[in-house]
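Before any comments, here is the structure.
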Amino acid sequence: MSVREEIDNILSKDPAARNRLEVVLCYPGFHALMFHRIAHRLWKAGLVVPARVVSHISRMLTGIEIHPGAVIGRRFFIDHGMGVVIGETTVVGDDVVLYQGVTLGAGAAARKGAETRGKKRHPTLGNGVVVGSGAEIQGPIAIGDNVLIASGSIVLKDVPPDSIVVGVPGRVLYREGQRVGGVLPDIEAEAIKTLRAHVLRLEKKVAELAGAAEPAQPEPEPAPPEVPPSEIDEEGAVGMEAVDAFLHGAGI
Ligand SMILES: CC(C)(COP(=O)(O)OP(=O)(O)OC[C@H]1O[C@@H](n2cnc3c(N)ncnc32)[C@H](O)[C@@H]1OP(=O)(O)O)[C@@H](O)C(=O)NCCC(=O)NCCS
């Protein structure tokens, strides 16, 4: 890694950058990377606290938090940078770009505390990965080479190379240039529709039971609307798959 290579990389990737001096003076992603190179060397030498101090100073100056243990490849560009968090066991390949607000986090392991110390908890990003602003990649998952992750996505599972991932939870929309995902499902709307159908079905059953218990009701309530047959399974129950998908998250 040479400093000049990192500067030229930023110049080539950011149309807003005009010359090397501007990059050196005004690019927090560049500053954070330089601090990280120092912090990571200290970390590898076993100087844990000095490494954390360097990382912390870098965070104060740039708004970018890179744990000194993270392994970062060549030509790494964090554009804008504020709010970026990169965890201890993250591995980042070459030619990776992150935008502001990206988290490369520990996912569920974060809740387990000291139990997971020293274990792989954070993602591994291949070469040429681009992660859009505000996206989250959580857990010890593998993001393949040349994957593009759309801004705002939350990625919880491995992603094959040469894919475009969008959504919450992240789904592969394109693979090797071919569309593989349909129109992105609105799982929230599907869950609400399923629950509504379920309530209608229960109301109908209750009305039937009430009718059987009190046959001489003078003015029976109007029957609730029919549940569309497509929403009722073979046993006559309303399928709850959409609710499960909404609550538990669907995979890629
Ligand atoms: C993911 C990304 C890299 C893909 O770029 P690309 O290859 O040029 O492809 P597109 O932008 O055309 O997006 C591909 C598809 O994903 C969809 N998509 C893109 N971003 C999305 C998002 N955040 N949420 C949902 N869908 C999204 C597009 O609508 C498009 O769908 P379509 O094919 O049905 O039209 C890009 O969309 C992106 O998000 N870049 C990050 C940008 C960013 O964070 N900029 C910050 C600058 S300050």
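Going letter by letter, the sequence shown gives residues 155 to 406 in this note's numbering.
Even for Gly, the Cβ is constructed at its ideal location relative to N, Cα and C.
How would you write the range of the beta strand (DSSP E) that residue i sits in, first residue to last?
| i | result |
| --- | --- |
| Glu290 | 290-292 |
| Ile318 | 317-320 |
| Arg174 | Here Arg174 belongs to no beta strand (DSSP E); instead the alpha helix (DSSP H) covers 174-180. |
| Thr257 | 257-259 |
| Val326 | 325-329 |
Compute the distance between the beta-carbons of residue i and residue j, then report whether it is under 8 Å.
| i | j | result |
| --- | --- | --- |
| Leu310 | Val320 | no |
| Val284 | Ile303 | yes |
| Val301 | Pro315 | yes |
| Val238 | Leu252 | yes |
| Gly235 | Ala199 | no |
| Gly286 | Leu258 | no |
| Ile226 | His190 | yes |
| Ala208 | Ala193 | Note that residue 208 is Val in the sequence shown, not Ala. Their beta carbons are under 8 Å apart, which means Val208 touches Ala193 by this criterion. |
| Ala205 | Pro222 | yes |
| Ala296 | Thr270 | no |
| Ile484 | Phe184 | Lying outside 155 to 406, the shown extent of the chain, residue 484 is not represented and no answer is given. |
| Gly255 | Gly282 | no |
| Arg228 | Glu159 | yes |
| Gly168 | Asp233 | Strictly speaking, residue 168 in this sequence is Asp, with Gly absent from that position. Their beta carbons are under 8 Å apart, which means Asp168 touches Asp233 by this criterion. |
| Ala224 | Thr244 | yes |
Report back the beta-carbon spacing between residue i and residue j to the nearest angstrom; my notes put them in contact at under 8 Å.
| i | j | result |
| --- | --- | --- |
| Gly280 | Gly306 | Not a contact, Cβ separation roughly 21 Å. |
| Pro294 | Lys266 | Incorrect: roughly 12 Å between the Cβ atoms, too far for contact. |
| Phe231 | Ile291 | Phe231 to Ile291, Cβ: 17 Å. No contact. |
| Glu357 | Ala396 | Wrong, their Cβ atoms sit about 19 Å apart, outside the cutoff. |
Ends of the alpha helix (DSSP H) at residue i?
| i | result |
| --- | --- |
| Glu159 | 157-167 |
| Ile341 | 341-367 |
| Leu215 | 202-216 |
Is residue i close to chain D, meaning its C-beta is less than 8 Å from at least one C-beta of that chain?
| i | result |
| --- | --- |
| Gln254 | In the displayed structure, chain D is absent; only one protein chain is listed. |
Practice problem: Measuring from each Cβ to the nearest heavy atom of ligand 1, keep the ones under 7 Å and list them in chain order. | Solution: Asp233, His234, Tyr253, Gln254, Val284, Gly286, Ser287, Leu302, Ile303, Ala304, Ser305, Gly306, Ser307, Ile318, Val320, Gly321, Leu327, Tyr328, Arg333, Leu338
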